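Q: Here's a structure for you.
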């Protein structure tokens, strides 16, 4: 026998609805990325993706208290794997910052900062995400050749996400920022100062 | 006459007169077009920078589906095209006009992929649907014992879209097709709201897609 009074059940239902509406967004990026369509460099490169990068999570309190969480470390390996498949003859993921031939250089990316804005903050209809990367370029023996920054940006219009707008739009803006980072890396690669010097030494400067 | 009867009369009038959409399509031809067997088009929404304007994804998908349906032309959807030609059609890199095409086509891998897809025309869609007017009030009450709404709302939506058609091989714009649609929606509520929606965006989409099909396949 159900002894819960009808009006109590009604209030519980209304409370659950209200709590659901106030829940703060938590996104964990997943999925794959397209392989860039660019001329491939005939070299083998190494990548060191450290624990900090692979676990990178941005948490921020927005609108007086609700905490928003973006887990972006979960897709870093997929990003750099797809990027390398398009850009280099071959690549390997390394556990330490040194490698044996045929690896000629090693990239060590890190995320220095992630920022996002909501439509309420900017009085627009967009969720926006900025990711600031720093890349170390090392010789195969681990010595530093140089460093370069990379800033990526992505946005998503709320109009495209009628259901579960906040989470979906924030996820899409983050995904767009990841793709932007890949596009920048693929197309500006040869112009980045430490990379240009290395490519010139390899006779690949074009 | 009681208020309830008056509201019912308004709802009935709205049901007969409301939800109507007026659509207008215009076309400007600047070059010859034809689609041979194996030719494909890509329908893309504008979202390059620094413009804040962005065409709705559902509108671009709608035009793609309507152009490709039935005996339509072969269409590659926006996301598939951008992924296949990544990173050349990202907001950072997408060509903004046909003058940018020679730079892109200069990349052998790019043109090779484009040819393998059989892409002959790029259709860029710009525009959006906006609410231009609204009136009325409605109040809703919810309580553990039940709930309901009471009132009357009306709003007008305006869809304005323009499609630019680029010929990849000729590297120039061969024409433009625009679609404007206006419609008024109503929502009377007497306990339960009864939405009488004017499908403005859908009307603009089907009009644009039909005209684009004619533009690309008709002898010119």
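Chains as they are written, first to last, in the numbering used here: chain A, 1 to 206; chain B, 207 to 426. For every residue, glycine included, the Cβ atom is placed at its ideal position computed from N, Cα and C. All values derive from a computational prediction rather than experimental measurement.
1. Judging by CA-CA distance, which residue of 249(B), 285(B), 407(B) is the nearest neighbour of residue 371(B)?
2. Can you name the residues of chain A whose CB is closer than 8 Å to the CB of residue 299(B)?
3. When the Cα atoms are used, what is the spatial distance from residue 18(A) to residue 61(A)?
4. So, are the CB atoms of residue 88(A) and residue 49(A) less than 8 Å apart?
5. Which residues, taken in chain order from the stretch 142-168 of chain A, show a beta carbon closer than 7 Å to some beta carbon of chain B?
6. Using the DSSP secondary-structure output, state which residues sit across from residue 68(A) in a beta bridge.
7. Around the Cβ of residue 375(B), are there at least 16 other Cβ atoms within 10 angstroms (buried) or fewer (exposed)?
8. Along chain B, which residues have their Cβ under 8 Å away from the Cβ of residue 179(A)?
9. Under 6 Å Cβ to Cβ from residue 57(A), same chain only, skipping five residues before and after it: list those, please.
10. Could you spell out where the beta strand (DSSP E) holding residue 230(B) opens and where it closes?
11. Using C-beta distances below 6 Å, list every residue in its chain close to residue 344(B), excluding the 5 sequence neighbours before and after it, in chain order.
12. At what residues does the beta strand (DSSP E) containing residue 143(A) begin and finish?
13. List in chain order: all unbroken beta strand (DSSP E) runs of 3+ residues lying wholly within the stretch 256-306 of chain B.
14. Give the residues from the stretch 31-48 of chain A that approach chain B closer than 9 Å (Cβ to any Cβ), ordered along the chain.
15. Tell me whether residue 124(A) counts as near the ligand FMN, meaning its Cβ is closer than 7 Å to at least one heavy atom of that ligand.
16. Just how far apart, CA to CA, sit residue 423(B) and residue 411(B)?
17. If distances are taken between C-alpha atoms only, which option among 305(B), 269(B), 244(B) comes closest to residue 407(B)?
18. What's the call for residue 181(A), buried or exposed, on a 16-neighbour Cβ count within 10 Å?
19. Buried or exposed for residue 230(B), going by 16 or more other Cβ atoms inside 10 Å?
20. Please report whether the beta-carbon of residue 21(A) lies at a distance below 8 Å from any beta-carbon of chain B.
21. Closest to residue 31(A) by CA distance: which of 161(A), 174(A), 93(A) is it?
22. Given a threshold of 16 other Cβ atoms within 10 Å of its Cβ, counted over all protein chains shown, does residue 329(B) qualify as buried or as exposed?
23. DSSP puts residue 395(B) in a beta bridge; with which residues?
24. Have a look at the DSSP bridge pairing and note the partners of residue 337(B).
25. Residue 341(B) to residue 404(B), Cα distance in whole Å?
26. Using 8 Å as the limit for Cβ to Cβ distance, is residue 419(B) near chain A?
27. My guess is that residue 324(B) and residue 244(B) are in contact by the Cβ rule of under 8 Å, so how many angstroms apart are they, rounded?
28. How would you list, in chain order, the residues of chain A whose beta-carbon sits under 7 Å from the beta-carbon of residue 262(B)?
29. Could you check whether residue 293(B) and residue 36(A) sit closer than 8 Å to each other, using their CB atoms as the reference points?
30. Is there a Cβ of chain A sitting closer than 8 Å to that of residue 246(B), yes or no?
31. Check whether chain A comes within 8 Å of residue 277(B), counting only Cβ atoms and requiring the distance to be less than that.
32. Secondary structure at residue 388(B), three-state DSSP: helix, strand or coil?
33. Under three-state DSSP, which class holds residue 312(B)?
34. Our contact map puts residue 299(B) next to residue 187(A) with C-beta atoms below 8 Å; I'd like the distance itself, whole angstroms only.
35. Which residues of the stretch 311-338 of chain B have a Cβ closer than 7 Å to any Cβ of chain A? Give them in chain order.
A: Put simply:
1. 249(B)
2. 183, 187
3. Low per-residue confidence applies at residue 18(A): pLDDT is 49, beneath 50, and the placement is therefore not dependable enough to give any value.
4. For residue 88(A) and residue 49(A), no; Cβs fall outside 8 Å.
5. 157, 159, 160
6. For residue 68(A), which the question treats as bridged, DSSP gives the partners 60(A).
7. Burial call: exposed.
8. Per Cβ cutoff of 8 Å: 292, 293, 296.
9. 71
10. 227-235
11. The answer, listed in chain order, is 355, 357, 359, 395.
12. Looking at the DSSP string, residue 143(A) is not in any beta strand (DSSP E), and its letter there is neither H nor E.
13. 280-282
14. 33, 34, 35, 36, 37, 38, 39, 40
15. As presented, the structure is devoid of all ligands, the ligand FMN included, so that no description of it is given.
16. Cα atoms of residue 423(B) and residue 411(B): separation of roughly 18 Å, rounded to the nearest angstrom.
17. 269(B)
18. By the beta-carbon neighbour count (other beta carbons within 10 angstroms, threshold 16), residue 181(A) is buried.
19. Around the Cβ of residue 230(B), a 10 Å sphere holds fewer than 16 other Cβ atoms; the residue is exposed.
20. Because the pLDDT at residue 21(A) is just 48, under 50, the model does not fix this residue reliably, and the value given afterwards should be weighed accordingly. Cβ-Cβ to chain B under 8 Å: no for residue 21(A).
21. 174(A)
22. buried
23. The bridge partners DSSP lists for residue 395(B) are 357(B), 399(B).
24. Note: residue 337(B) sits in a beta bridge opposite 363(B).
25. Distance between the alpha carbons of residue 341(B) and residue 404(B): 15 Å.
26. no
27. 5 Å
28. In chain order: 159, 160.
29. yes
30. no
31. no
32. strand
33. DSSP places residue 312(B) in coil when its eight states are reduced to three.
34. 6 Å
35. 315, 316, 319
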